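Going letter by letter, the sequence shown gives residues 23 to 129 in our numbering. What follows is a single structure, written as structure tokens, with notes after it.
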Amino acid sequence: GDGINDAPALAKATIGVSLSDASQVAIQSAQVVLLDGKLGKLETAHRISTATLQTIRQNLFWAFAYNIVAIPIAALGFLTPMWGALFMAFSDVVVIGNSLRLRWRRV
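Shown next, in the form of structure tokens:
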């Protein structure tokens, strides 16, 4: 949308798209604002959001898998607190590293 009359539709839409030279009401109501007015950027935004959602799911899987395996092992006394802390730090590094992959991933 680019005008004041589009603002209600943008607010109701699942994903509202506006142009940067649109009215301020339309820009405030939209979830995505195209700064250069090129509609091809929508495809890029969709690919980035898909890759981000995939990374979030991978991170959640890793975090839950770690907790399902490591917490019972530590609770049963098979891990000393030092090893438990080390494995927890390793889990955090894996999640952070997986998230950082988005920087270099071509989308």
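Backbone N, C-alpha and C define an ideal beta-carbon position, used for all residues, glycine too. Note that the structure is a prediction, hence the values are computed from the model and not measured.
Point to revise | Cα-Cα separation, valine 130 to leucine 64 | key: In this structure the chain extends from 23 to 129, so residue 130 is not present and cannot be described.
Point to revise | Contact belief for asparagine 27 with threonine 77 at Cβ below 8 Å, rounded distance in angstroms | key: The residue labelled residue 27 in the question sits at position 5 within the sequence shown. The residue labelled residue 77 in the question sits at position 55 within the sequence shown. No, asparagine 27 and threonine 77 are not in contact; Cβ-Cβ is about 38 Å, not under 8 Å.
Check your understanding: By the 10 Å Cβ neighbour count, where 16 or more other Cβ atoms means buried, how is alanine 31 classified, buried or exposed?
Key -> The residue labelled residue 31 in the question sits at position 9 within the sequence shown. So alanine 31 ends up on the exposed side.
Check your understanding: Got a sec: does the ligand GDP put a non-hydrogen atom nearer than 8 Å to the Cβ of threonine 102?
Key -> The model depicted lacks the ligand GDP and carries no ligand whatsoever.
Point to revise | Integer-rounded CB distance, given that alanine 73 should sit under 8 Å from arginine 127 | key: Residue numbering aside, residue 127 sits at position 105 when the sequence shown is read from its first letter. Residue numbering aside, residue 73 sits at position 51 when the sequence shown is read from its first letter. Going by Cβ atoms, the distance from arginine 127 to alanine 73 rounds to 6 Å, so yes, they are a contact pair.
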